[in-house]
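Undergrad: The opening position of the sequence shown corresponds to residue 35 in our numbering, with each subsequent residue numbered one higher. Built from N, CA and C at the ideal position, the CB exists for glycine as well. Since the model is a prediction, treat every value here as computed from it, not as a measurement.
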Amino acid sequence: MKNIHIKKKYIIISIVICIILILIASILYMGIIHFNNPSREEYPVVGVDVSKYQGAIDWNQLIEQDISFAYIKATEGSSHVDEYYDANFNNALKTGIRVGAYHFFSFESSGKKQAENYCKNVSITEGMLPPVIDVEYYGDKKCVDDIDVDIVRKNLREMVDILEEEYGLKPVLYVTKNSYDTIVNGYFDDCDLWYRSVYSKVPKEVNWTFWQYSNRTVLNGYEGEERYIDVNVFNGTREEFEELGSGTNVHDLNGSSEETKEIESLWSKESASESSVKLESKLVDGEIELIIPQYNGSSDQRVEYLIDGEKKCDFNFIFPEQITEIETCDYNFDGNVDIVFVGYNHGKKDFWLYRGCVREYEEDTCYFVNDDDIESYVEKELSDDYSAENIINALTNGLVNGEISSYSDAYKAIVAFNQIENESLDLKYSLVYIDEDDIPELLVDDTGYWISVYSFSNSIVTEPMEYCAYGVGGCVNYEYVPYKNSLRYFGHDMETYGHTLMTIENNKLVTTYSEDCYYEEETVNYNNYTDEQLSPEELKNKVEEYNSCAFEELYGEYTEEEIIEQLQ
Numbered sequence: 035m036k037n038i039h040i041k042k043k044y045i046i047i048s049i050v051i052c053i054i055l056i057l058i059a060s061i062l063y064m065g066i067i068h069f070n071n072p073s074r075e076e077y078p079v080v081g082v083d084v085s086k087y088q089g090a091i092d093w094n095q096l097i098e099q100d101i102s103f104a105y106i107k108a109t110e111g112s113s114h115v116d117e118y119y120d121a122n123f124n125n126a127l128k129t130g131i132r133v134g135a136y137h138f139f140s141f142e143s144s145g146k147k148q149a150e151n152y153c154k155n156v157s158i159t160e161g162m163l164p165p166v167i168d169v170e171y172y173g174d175k176k177c178v179d180d181i182d183v184d185i186v187r188k189n190l191r192e193m194v195d196i197l198e199e200e201y202g203l204k205p206v207l208y209v210t211k212n213s214y215d216t217i218v219n220g221y222f223d224d225c226d227l228w229y230r231s232v233y234s235k236v237p238k239e240v241n242w243t244f245w246q247y248s249n250r251t252v253l254n255g256y257e258g259e260e261r262y263i264d265v266n267v268f269n270g271t272r273e274e275f276e277e278l279g280s281g282t283n284v285h286d287l288n289g290s291s292e293e294t295k296e297i298e299s300l301w302s303k304e305s306a307s308e309s310s311v312k313l314e315s316k317l318v319d320g321e322i323e324l325i326i327p328q329y330n331g332s333s334d335q336r337v338e339y340l341i342d343g344e345k346k347c348d349f350n351f352i353f354p355e356q357i358t359e360i361e362t363c364d365y366n367f368d369g370n371v372d373i374v375f376v377g378y379n380h381g382k383k384d385f386w387l388y389r390g391c392v393r394e395y396e397e398d399t400c401y402f403v404n405d406d407d408i409e410s411y412v413e414k415e416l417s418d419d420y421s422a423e424n425i426i427n428a429l430t431n432g433l434v435n436g437e438i439s440s441y442s443d444a445y446k447a448i449v450a451f452n453q454i455e456n457e458s459l460d461l462k463y464s465l466v467y468i469d470e471d472d473i474p475e476l477l478v479d480d481t482g483y484w485i486s487v488y489s490f491s492n493s494i495v496t497e498p499m500e501y502c503a504y505g506v507g508g509c510v511n512y513e514y515v516p517y518k519n520s521l522r523y524f525g526h527d528m529e530t531y532g533h534t535l536m537t538i539e540n541n542k543l544v545t546t547y548s549e550d551c552y553y554e555e556e557t558v559n560y561n562n563y564t565d566e567q568l569s570p571e572e573l574k575n576k577v578e579e580y581n582s583c584a585f586e587e588l589y590g591e592y593t594e595e596e597i598i599e600q601l602q
């Protein structure tokens, strides 16, 4: 009996201990108490760092809770911009606290591209805090074994140097214990550190400037999906904090650099007005004009693209210090105008590629996108020997779309470009006869994922089928009738199945008719996408006539070497 009482006693004690531990864990998790609570006398300057996860922020309410500074997430990798950045940065500035912007560093993008993304979106502001680069493991990059640490350090150094030159301040590196120990320590001693340690104090051997001591603080003034907010302290007095960043190179607050080259330029950040540049292309019936605005530091500025004075589109641009060359070309041989910019940025010669695209289902419309991946290839090929001519030749084998003498020359250049653009893929190629002439089309096939088709006529190459994917709408395969300009694909989803019929018009793939049927029913539905006025019976007969043709599957059969041999 005594043993039973002892056992009950231990059970009760164990239950009480478990309850206490659960309560403590809950209190810690909910941010009611914290492992760290730095002395306000020792560290009087307190700040927060925020991103889209805090949602809309009432900055006036937030700073009333003893907040002296804020770091706002601006960018990530080579292209991502935090959707709340502009609102957060501008509204925080209005409160009078000191504000800075941070970038989440990608282990998979070059330092240059990431720096350009940051510089394009973070305007130079008087009194701004130094730029921050957030270096921490993420996703499937959980430790140093998951990265090439030498390349990561090289890219990080490149970004540090570019940001320092652009903003006149050495960037601060945000680190965790893991990223500090394996990437940063001993290699970036010239940079101040922002050290994350939410369960203990920063190790004594670490010389830190900012300390993120809590990631589970609850404050008033934000309404995002994240209940908690990161809180940090500055390692110094208020006077020392005010001196931080006092050397900001504001470039006279207009973004121009002292290292802009003293050579003739088409545009520069110091230009007193917008610049108009006239260009020509064999692919356009008219005069091309680019209007580059006078630089004002805003991330909303865009370059306008006009033909014979009519605006066709505008596009985001990475405004460098200076532009010395602009040329048109078609480096990916899709029949659309691409633009090559050459100039200077951060005191070095540089270039930027903008790929022209046509909006699907919209006539006479276009847009331009910055082609990061192809830029990286050119950088490796040319080192720093950048001129518009050299860049274009590196991508086109010297061919000018609109002046190509034979389809074999054109298709060899297209194969070479596809191998550049899709170097990690096992592409297959075929020559097929889709339209009525005796010149074959070139089929490019990433088996099971997508196909593209190029066509050649009158010295011009076009790409009427561009990355046509499998799986979209349950697409199983693409087929064609040789020499008839008739194509179709079979698709199915959870409810219906059927064929979609297509043709190529004005170098674009156009849907003409389709048929679909529900699995549970025998009735076939026919759809007409043309301007023809057809009765239901006429439409049915038309579709059945098309489907009765001898269709053959479109697929790539030959390797790069085999198709090049066929084109000799």
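DSSP has Q246 in a bridge; who is on the other side?
TA: R230, N266
Undergrad: In whole angstroms, give me the CA-to-CA distance for R132 and N366.
TA: 46 Å
Undergrad: Three-state secondary structure (DSSP) at K204?
TA: coil
Undergrad: State the DSSP-derived secondary structure class of Q356, mapped to helix, strand or coil.
TA: strand
Undergrad: Comparing alpha-carbon positions, which option in N71, I597, S440 lies nearest K235?
TA: Nearest C-alpha to K235: N71.
Undergrad: Going by the beta-carbon positions, is the gap between A149 and L197 smaller than 8 Å?
TA: yes
Undergrad: Below 8 Å on the Cβ atoms is my contact criterion, and I expect Y136 with V166 to pass it. Report the Cβ-Cβ distance as a whole number of Å.
TA: Rounded, the Cβ-Cβ distance is 4 Å, consistent with contact.
Undergrad: Check the DSSP bridge columns for K542 and list the partner residues they point to.
TA: E539
Undergrad: Leaving aside the five residues before and after Y420 along the sequence, list all residues of the same chain whose C-beta is less than 6 Å from its C-beta, in chain order.
TA: V376, K383, F385
Undergrad: From N435 to D364, what distance separates their C-alpha atoms?
TA: 6 Å
Undergrad: Is the segment 228-242 touching the segment 251-259, taking contact as three or more C-beta pairs under 8 Å?
TA: Between the segment 228-242 and the segment 251-259, the count of C-beta pairs closer than 8 Å stays below three; the two stretches do not touch.
Undergrad: In this structure, how does DSSP classify V183 when only helix, strand and coil are distinguished?
TA: helix
Undergrad: What's the C-alpha gap between T546 and D469?
TA: 16 Å
Undergrad: Extract the residue ranges of the beta strand (DSSP E) inside the segment 295-356, only unbroken runs of 3 or more that lie entirely within it.
TA: 309-313, 322-326, 336-341, 344-350
Undergrad: Can you give me the C-alpha to C-alpha distance between N288 and K86, rounded to a whole angstrom?
TA: In this prediction, N288 has a pLDDT of 38, which is less than 50 and means its spatial position is unreliable; nothing more can be read from the coordinates.
Undergrad: From this set, E260, Y580, E529, E572, which residue's C-alpha is nearest E556's C-alpha?
TA: E529
Undergrad: Please list, in chain order, all residues of the same chain as L543 whose beta carbon is under 6 Å from its beta carbon, the five residues on each side excluded.
TA: P498, M499, M536
Undergrad: Start and end of the alpha helix (DSSP H) containing F275?
TA: 272-277
Undergrad: Out of A584, N456, A90, S458, state which residue places its alpha-carbon closest to the alpha-carbon of G14.
TA: As displayed, the chain neither begins before 35 nor continues past 602, which places residue 14 out of reach and without an answer.
Undergrad: Just to confirm the assignment, what range does the alpha helix (DSSP H) spanning L10 have?
TA: The displayed coordinates of the chain run from 35 to 602. Any statement about residue 10 would go beyond what the structure contains.
Undergrad: Do the segment 343-360 and the segment 401-412 touch if we need at least three Cβ pairs shorter than 8 Å?
TA: yes
Undergrad: May I have the straight-line CA-CA distance separating Y180 from V186, to the nearest angstrom?
TA: Residue identity check: residue 180 is Asp in the sequence provided, not Tyr. Between D180 and V186, the C-alpha separation is close to 11 Å.
Undergrad: What do you reckon, are the CB atoms on F524 and V510 nearer than 8 Å?
TA: Against a cut-off of 8 Å, the Cβ pair of V510 and F524 comes out as a contact.
Undergrad: G525 lies in the alpha helix (DSSP H); which residues open and close that run?
TA: That residue, G525, is in no alpha helix (DSSP H); its beta strand (DSSP E) goes 520-526.
Undergrad: Going residue by residue through the segment 539-600, where are the continuous beta strand (DSSP E) segments of at least 3 residues, counting only ones entirely within it?
TA: 542-552, 558-562
Undergrad: The beta strand (DSSP E) with A604 in it runs from where to where?
TA: Absent from the model: residue 604. The displayed extent of the chain is 35 to 602, so no value can be given.
Undergrad: For a test of the three-state rule: what should DSSP assign to C153, helix, strand or coil?
TA: helix
Undergrad: With a cut-off of 8 Å, do at least 3 Cβ pairs link the segment 297-310 to the segment 324-333?
TA: yes
Undergrad: Note the first and the last residue of the continuous beta strand (DSSP E) segment covering F385.
TA: 382-392
Undergrad: Please name the residue in H114, V577, Q600, E554 whose C-alpha comes closest to that of T564.
TA: V577
Undergrad: Identify every run of the alpha helix (DSSP H) within the segment 416-485, keeping only runs that are complete inside it and at least 4 residues long; order them along the chain.
TA: 422-430, 441-455
Undergrad: Using C-beta distances below 6 Å, list every residue in its chain close to S112, excluding the 5 sequence neighbours before and after it, in chain order.
TA: Excluding residues up to 5 positions away in sequence, S143, K147, Q148, N151, D406 lie with their Cβ nearer than 6 Å to the Cβ of S112 in the same chain.
Undergrad: Give me whichever residues DSSP pairs with N366 in a beta bridge.
TA: Per DSSP, none; premise fails for N366.
Undergrad: Provide the residue(s) that pair with R132 in DSSP beta bridges, ordered along the chain.
TA: Note: R132 is bridge-paired with F103 in the DSSP secondary-structure output.
Undergrad: Determine the direct distance from the alpha carbon of R389 to that of N370, and round the result to whole angstroms.
TA: 8 Å
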